[in-house]
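Heads up, the thing below is written out as structure tokens.
Number of protein chains: 2
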Amino acid sequence: MDTTQRTDQQRSADRRRRELLEAADRVVLRDGPGASMNAIAAEAGITKPILYRHFGDKGGLYAALAKRHTDALLGALRAALDAPAERRERVEATLDTYLAAIEAHPQVYRFLMHPTEGASSADQGFDLGKHSAPLLRRMGEELAEVIEERVDLGPGSQQLARVWGHGIVGMMHAAGDWWLGEQPCSRAELVRSLADLLWGRLAAAGDRVGGPGF
Amino acid sequence: MDTTQRTDQQRSADRRRRELLEAADRVVLRDGPGASMNAIAAEAGITKPILYRHFGDKGGLYAALAKRHTDALLGALRAALDAPAERRERVEATLDTYLAAIEAHPQVYRFLMHPTEGASSADQGFDLGKHSAPLLRRMGEELAEVIEERVDLGPGSQQLARVWGHGIVGMMHAAGDWWLGEQPCSRAELVRSLADLLWGRLAAAGDRVGGPGF
DNA sequence: ACTAAAGTGTTACTTGCGGTAACTGGAGTC
DNA sequence: GACTCCAGTTACCGCAAGTAACACTTTAGT
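Quick note, the sequences are listed as chains A and B, same order. Read in order, the letters of the first sequence correspond to residues 1 to 214 in full-length UniProt numbering. Read in order, the letters of the second sequence correspond to residues 1 to 214 in full-length UniProt numbering.
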């Protein structure tokens with residue numbers, strides 16, 4: 001039971017785990033989030049109980065799977081957020097990064113955000129609710145930190161930054177979700193429109209003829 | 001098979017349907033969205049097949065249930081949106097209406113938005129993904145209409161309004177969800193913070209010491 | 001009044017999935 | 001060679017969605 005042996009075992013277990021995750025990834029991306037544990041096990045060339053030994057339950061498998069993609073996305077966003085540029089440019093870069101990601105891998109996106117699609121009716125495979133929140137929440141918190149860190153908001157700045165962090169992330173998310181479904185305009189246009197919204201164009205715009213506007 | 005008989009039957013069927021929906025409502029609000037069809041049927045004092053005769057499948061039941069609450073919420077929002085007041089005031093009133101609604105009936109809210117909570121691990125009862133989108137989408141579209149109708153946005157206004165509609169709804173939703181979970185501040189503060197965000201305070205704020213800000 | 005139809009309800013079943021218990025076979029260790 | 005681990009298997013349990021087939025009650029038609 002010395003260290004090297006233990007490390008060897010752990011290493012092999014980790015490798016197996018990665019293989020299983022990759023198999024799960026393939027299945028989920030092919031069959032949608034309703035993929036059954038049996039199907040995933042089959043894709044990995046093994047049977048169910050092994051999956052359970054590695055991940056505990058379906059939620060565990062999902063969580064591991066989600067963590068990979070979530071971390072990747074958050075990394076990309078952080079890079080855009082930390083780039084040396086003006087604020088507006090960064091905001092646009094961040095929005096664009098997010099939208100490019102969901103555009104490039106809509107399957108992954110739908111898996112992370114809308115787990116139930118692909119399940120026939122009831123019975124969705126993975127429970128997203130418990131884990132999709134984390135993605136949004138983590139994005140919101142990270143953005144809040146960046147805002148708090150870089151923008152001078154006066155008194156109550158911490159709370160304000162958190163509200164804005166979650167709010168902006170939600171805006172990005174909802175707009176992206178809608179855009180992905182309908183493709184009503186180019187990505188660049190969407191980015192500009194959202195940035196304009198954040199830049200107060202709503203407040204600056206005039207009323208339409210016929211009374212006080214929204 | 002003349003008209004009066006048919007009407008009578010239909011009326012009775014409609015009444016029954018309402019009763020069943022109310023029972024389902026009670027169960028869902030008590031047991032969370034993981035409530036089983038058996039449980040709902042028991043609450044209504046009948047058995048499963050009747051539910052299936054009325055609603056087709058679990059998704060149908062959910063859709064009917066969601067429609068009620070969705071319509072109610074949309075009605076309230078429309079009222080706030082159409083009130084005779086200045087734009088900022090309306091925005092705040094609408095935000096406050098939404099937040100007050102989710103604060104007053106968090107169970108309903110969670111059912112509409114996070115169906116999977118309450119299910120043990122996998123196996124959530126209702127499939128929200130397919131139906132929660134509708135709520136957000138409807139809110140987004142309605143808001144887009146109001147914006148397009150009342151705010152003068154120059155060329156490309158229709159598309160811009162839709163982007164903003166969905167974006168603002170998403171902002172409200174995400175911020176509300178986070179706020180409901182952590183209660184980090186009063187509702188009024190949250191409303192103010194979000195309205196400030198929409199009013200361009202992010203663009204107007206100065207950089208913090210130490211370089212260009214977000 | 002007798003029958004037929006149609007709606008309301010039931011019990012009992014199938015299917016399919018998540019999850020688990022208990023067994024099997026092979027690699028390394030003393 | 002006996003012992004222990006560990007990957008892997010088969011075979012099962014429980015539970016919930018959904019369905020088929022049967023029973024009761026009302027209403028309409030002749």
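Backbone N, C-alpha and C define an ideal beta-carbon position, used for all residues, glycine too.
Handout entry: Member of A/I147, A/Q158, A/F111 whose CA lies at the smallest distance from the CA of A/R30
Key = A/F111
Practice task
Apply the 10 Å Cβ neighbour rule to B/A35 and answer buried if 16 or more other Cβ atoms are within range, or exposed otherwise.
Solution key: buried
Exercise for the section: Just the C-alpha distance for B/L128 and B/E141, rounded to the nearest angstrom, thanks. Expected result: Confidence at B/L128 is low in this model, with a pLDDT of 45, below 50, so its placement is unreliable and the value that follows should be read with caution. Straight-line Cα distance between these residues: approximately 19 Å.
Exercise for the section: Mark A/G167 as exposed unless 16 or more other C-beta atoms lie within 10 angstroms of its C-beta, in which case mark it buried. Expected result: buried
Practice task
Consult DSSP for residue 216 of chain B and reduce its assignment to one of helix, strand or coil.
Solution key: Residue 216 of chain B falls outside the range modelled here, since chain B spans only 1 to 214, and no answer is possible.
Handout entry: As assigned by DSSP and simplified to three states, the class of A/D207
Key = strand
Practice task
Determine the extent of the alpha helix (DSSP H) in which A/T97 is found, giving its start and end residues.
Solution key: 87-104
Problem - Any chain A beta carbon closer than 8 Å to B/T134 - result: A quick correction: the sequence has Pro, not Thr, at residue 134 of chain B. With 8 Å as the cut-off, B/P134 does not count as an interface residue toward chain A.
Problem - Neighbour flag for A/R137 against chain B, beta carbons, 8 Å - result: yes
Exercise for the section: Check whether the region 178-197 of chain A touches the region 172-186 of chain B, counting contact only when three or more Cβ pairs, one atom from each stretch, lie closer than 8 Å. Expected result: no
Practice task
Tell me, to the nearest whole angstrom, how far the beta carbon of A/A64 is from that of A/L21; I am working on the premise that it is less than 8 Å.
Solution key: 6 Å
Exercise for the section: Look at residue 215 of chain A and B/E149 and say whether their C-beta atoms are less than 8 Å apart. Expected result: With chain A represented from 1 up to 214, any question about residue 215 of chain A goes unanswered, as that position is not in the structure.
Exercise for the section: Tell me, to the nearest whole angstrom, how far the beta carbon of A/Y70 is from that of A/R138; I am working on the premise that it is less than 8 Å. Expected result: Rather than Tyr, the amino acid found at residue 70 of chain A in this sequence is Thr. So it is a contact: roughly 7 Å between Cβ atoms.
Practice task
With DSSP collapsed to three states, give me the class of A/D31.
Solution key: helix
Practice task
Step through the CB atoms of chain A and report whether any lies within less than 8 Å of the CB of B/L74.
Solution key: no
Exercise for the section: Taking only beta carbons into account, state which residues of the UniProt domain "HTH tetR-type" (14-73) of chain B come closer than 7 Å to chain A, listed in chain order. Expected result: D57, K58, G59
Handout entry: A/R17 burial status per 10 Å Cβ neighbour count (16 or more: buried)
Key = exposed
Practice task
With a cut-off of 8 Å on the beta carbons, I'd call B/R187 and B/L99 a contact; round off their distance for me.
Solution key: 5 Å
Exercise for the section: Would you kindly work out how many angstroms separate the C-alpha atoms of B/R192 and A/S157, rounded to a whole number? Expected result: 13 Å
Handout entry: Residues that DSSP places opposite A/D152 in a beta bridge
Key = B/G206
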